[in-house]
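Q: In our numbering, the protein residues as written are 6 to 526.
What follows is the structure in structure tokens.
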């Protein structure tokens, strides 16, 4: 009963902290991190432990699938160079810099352990940054770059992490021996994820009950991850490929009655997992702190964690600003249109958006407690402390100042998503008006007048109107289905992006429900 009471109290506390963060315009993981630290040192707080092998699966898999499902392939293709630079070069720079710093501070630390530490703190969790950036209208391209990075950098960092942990366990370390494994893991994981999506899609599409569908989705999410890890593939890459394929080919076939509650459940689960990740890692700090001897040992641990935090922030700055300078010079020496030329202001914001989050915490916690010979994993407590210091430090230092920084730099957004939404609405209205031609029934005449007026609003200079401004009726449900198919086709042909598509589909879902859309589609 005591555990259940603590769970209720923690959920309530997390909800209140998130509400406070939203009120002041800060990312809620910042407040969750602070709450986890405070809870660790409250007398009588629970002493919970979690199987390290379960940490990545439980905390990362659902969060990653939720992010991958909403990722725009069109935006990834358009920004593949800066995204690849952040995913590969920026992560690699951070891994190397942190490993060298850790080895310098602690000469006895084996190289595989130092590299594992670097891989743990390397991947930023841009979800916290983009939550703030949406409030201040950051340029759309920068937002898409950060979202693309947050999806893929976990894969690159955790592949290095996985190889480093294997090296620490086996006692061997060599790039040549791991290169084939690395390539096989990358391409094999992508192929497996796509294959799983096409295999599971008929099952997901067949189910029409919300509760059963949610259970199936979570079971498939964990099942794909566990199966990939069991056969030596990357759970992250497999799940990313699985989610993006499902979103592209199964999403349009889901009815409004299914989509709205299912999405609400996923959003809630992602929040709860974030809350418990910070709490569980925070609870590990107290026993770690108590195991350290009072005096020099604690001072050394705090100093190491502080240096790792500074190096982590500085390494991202070094890569991003170096890339910005080189890219600007290439633009200056060529006749390329300056519309894609990076600015120093955008480089500063991308550099400062490197907040760490749930992946760093879960990866640190997933380090095995003992080696196969029964000996403790070297420096595991120190790695946990460094990981939490980086997460807490970046969320507090960067998370609470990035909004002010964006405003000071004067970065603005020309809102291309709104333009695409208006265009998508107009095309969908025109399709349904064409469908109504020749239908002289009273409902058709009324709807023709309504849709004609809404088409005029969305093709005007300033006004617009969403789909649910029109009264309901059986005929209207047919028209909404027609409009949804048109929106899907516009997304498929890249005429509109995924952000605009999701807004249109959300409007159509609510319009369908307001029209009595309780039938099966």
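Note that beta-carbon positions come from the ideal geometry of N, C-alpha and C, so glycine has one too.
From the DSSP output, read off the bridge partner residues of residue 381.
A: In the chain shown, residue 381 corresponds to position 376, counting from 1. Answer by DSSP bridge pairing, in chain order: 375.
Q: Relative to the C-alpha of residue 3, which candidate in 207, 290, 444 has its C-alpha closest?
A: The structure shown has nothing for residue 3, since the chain only spans 6 to 526.
Q: Could you tell me the distance, in whole angstroms, from the CA atom of residue 197 to the CA atom of residue 73?
A: Taking the first residue of the chain shown as 1, we reach residue 197 at position 192. Taking the first residue of the chain shown as 1, we reach residue 73 at position 68. Approximately 16 Å between the Cα atoms of the pair.
Q: Look up residue 500 in the DSSP assignment and say whether it is helix, strand or coil.
A: Locating residue 500 in the chain shown gives position 495, counting from the first residue. Note: residue 500 maps to coil in three-state DSSP.
Q: Which residues mark the beginning and the end of the alpha helix (DSSP H) in which residue 109 is found?
A: Here residue 109 refers to the residue found at position 104 when the chain shown is read from its first residue. Note, residue 109: alpha helix (DSSP H), 96–110.
Q: Return the first residue and the last residue of the alpha helix (DSSP H) that residue 308 is part of.
A: Here residue 308 refers to the residue found at position 303 of the chain shown. Residues 301–338.
Q: What three-state label does DSSP hand residue 403 in the structure shown?
A: For the purposes of this step, residue 403 is taken as residue 398 along the chain shown, with counting starting at 1. Residue 403 falls in the coil class under three-state DSSP.
Q: Select from 174, 389, 154 the residue whose C-alpha is nearest the C-alpha of residue 117.
A: Taking the first residue of the chain shown as 1, we reach residue 117 at position 112. That would be 174, whose Cα lies nearest to the Cα of residue 117.
Q: Terminal residues of the continuous alpha helix (DSSP H) containing residue 451?
A: Looking up residue 451 in the chain shown gives position 446. First-last of the alpha helix (DSSP H) with residue 451: 447–463.
Q: What distance in whole Å lies between the Cβ atoms of residue 92 and residue 157, which are believed to be in contact at a cut-off of 8 Å?
A: In the chain shown, counting from the first residue as 1, residue 157 sits at position 152. In the chain shown, counting from the first residue as 1, residue 92 sits at position 87. Rounded, the Cβ-Cβ distance is 5 Å, consistent with contact.
Q: In whole angstroms, give me the CA-to-CA distance for residue 194 and residue 233.
A: On the chain shown, position 189 is the one that residue 194 refers to. On the chain shown, position 228 is the one that residue 233 refers to. Taking the straight line from one Cα to the other gives about 7 Å.
Q: Alpha carbon to alpha carbon, how far is residue 346 from residue 15? Give it in angstroms, no decimals.
A: Looking up residue 15 in the chain shown gives position 10. Looking up residue 346 in the chain shown gives position 341. Distance between the alpha carbons of residue 15 and residue 346: 46 Å.
Q: For the alpha helix (DSSP H) that contains residue 31, what are its first and last residues?
A: For the purposes of this step, residue 31 is taken as residue 26 along the chain shown, with counting starting at 1. Premise fails: residue 31 is in no alpha helix (DSSP H) and is neither H nor E.
Q: Span of the alpha helix (DSSP H) holding residue 424?
A: Position 419 of the chain shown, counting from 1, holds the residue named residue 424. Note, residue 424: alpha helix (DSSP H), 421–441.
Q: Hey, quick one: how far does the alpha helix (DSSP H) through residue 350 stretch, first residue to last?
A: Your numbering for residue 350 matches position 345 in the chain shown. Looking at the DSSP string, the run of the alpha helix (DSSP H) that includes residue 350 is 349–357.
Q: Would you mind stating whether residue 165 and residue 120 have Cβ atoms separated by less than 8 Å?
A: Taking the chain shown and counting its residues from 1, one reaches residue 165 at position 160. Taking the chain shown and counting its residues from 1, one reaches residue 120 at position 115. Yes, Cβ-Cβ distance for residue 165 and residue 120 is below 8 Å.
Q: Here's the rule I'm using: 16 or more other beta-carbon atoms within 10 Å means buried, otherwise exposed. How should residue 420 be labelled?
A: Position 415 of the chain shown, counted from the first residue, corresponds to residue 420. Under this definition residue 420 is an exposed residue.
Q: Out of 424, 484, 436, which has the shortest C-alpha to C-alpha gap to residue 505?
A: Counting from one through the chain shown, the residue named residue 505 turns up at place 500. It is 424 whose Cα lies nearest to the Cα of residue 505.
Q: For residue 330, count neighbouring C-beta atoms within 10 Å of its own C-beta (all shown protein chains included) and say buried if the count is 16 or more, exposed if not.
A: The sequence position of residue 330 within the chain shown is 325, counting from 1. The residue is exposed, with fewer than 16 neighbouring Cβ atoms inside 10 Å.
Q: What's the call for residue 29, buried or exposed, on a 16-neighbour Cβ count within 10 Å?
A: The count along the chain shown starts at 1 and reaches residue 29 at position 24. The residue in question, residue 29, is exposed, as its Cβ has fewer than 16 Cβ neighbours within 10 Å.
Q: Please report the distance separating the alpha-carbon of residue 445 from that of residue 434.
A: Residue 445 sits at position 440 when you count from the first residue of the chain shown. Residue 434 sits at position 429 when you count from the first residue of the chain shown. So the alpha carbons of these two residues sit roughly 18 Å apart.
Q: Measuring alpha carbon to alpha carbon, tell me which of 439, 464, 259 ends up nearest residue 452.
A: For the purposes of this step, residue 452 is taken as residue 447 along the chain shown, with counting starting at 1. Closest option to residue 452, Cα to Cα, is 439.
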